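To convert, note that position 64 of the sequence shown is 56 in my numbering; the numbers rise steadily by one, no gaps. Glycine included, every Cβ here is placed at the ideal spot set by N, Cα and C. Remember, predicted model here, so these are calculated numbers, not experimental data. Have a look at the structure below, then the notes.
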Amino acid sequence: MTRGVEKRKIFLDKKDYLRFVHNLYDFNNINYAPPYYKRRKLAMRKPTQPVLRKNKEKKEIVEVLCWALMPNHPHIFLQEKIDGGASVFSKKITSGHTQYFNIRNKRIGVLFQGRSKIILVKHDAHFLHLPFYILSNPLDLFQPDWREKGIKNLKKAFEFLENYQWSALLDLIGKENFPEVINKNL
């Protein structure tokens, strides 16, 4: 995806994270485009928590396979269900979060740095590696130098990841967190 402009935090508290997770589900719908007059009101409504409601009329743009939110950027691994779905979904997510964030924090201007980075996965090895990369990314919050020096305490690192609410890991290991967001059947 993309990161916060000037590497700024795009998630300041639990409400910001929760809003983004809610939008991962809500905006993944080809039919979801609120009328202009409702957008400000919708940007500030409280998301359903912690489990989202299933929308029976939903026509998904993408399959969300894996995700993790870092304080200044999201990682989302997805598969398109419609042509151009990745860019449509990315635009909805970034513009929706920017609108919400700006209204909530009484600010104006861009929140994300440049356009979203969408990378086509062409090789099986990359497809298999990407979920591990995304799901281990929150370890940067636990031990910032883990990539260079290795993990100092493996048990505590796993405990941290198992308690980190802002990723798909909990749903993938059978601990219900936000199960409606990802497709575990792929």
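Item                                                                                                                                             : Value
My output table needs one value for Ser159: the three-state DSSP class, helix, strand or coil.                                                   : strand
Considering Leu61, what are the terminal residues of the beta strand (DSSP E) in which it resides?                                               : 54 to 62
Going by DSSP, name the residue or residues bridged to Gly88.                                                                                    : In DSSP, Gly88 forms no bridge with anything.
How would you write the range of the beta strand (DSSP E) that Ile68 sits in, first residue to last?                                             : 65 to 72
Tell me Phe104's beta-bridge partners as DSSP assigns them.                                                                                      : Gly(-4)
Straight-line CA distance for Leu16 to Asn155?                                                                                                   : 20 Å
How do the stretch 87 to 106 and the stretch 127 to 145 stand: do at least 3 beta-carbon pairs fall below 8 Å, yes or no?                        : no
Given a threshold of 16 other Cβ atoms within 10 Å of its Cβ, counted over all protein chains shown, does Leu70 qualify as buried or as exposed? : buried
Taking just the CA atoms, how far does Lys176 sit from Ala60?                                                                                    : 15 Å
DSSP three-state label for Leu112, please.                                                                                                       : coil
As a quick exercise: from Gln105, Lys7, Ile111, pick the residue whose alpha carbon is nearest that of Lys(-1).                                  : Gln105
With DSSP run on the structure shown, which of helix, strand or coil describes Pro123?                                                           : helix
For the alpha helix (DSSP H) containing Phe3, list its first residue and its last residue.                                                       : Neither: Phe3 is in no alpha helix (DSSP H) and is coded neither H nor E.
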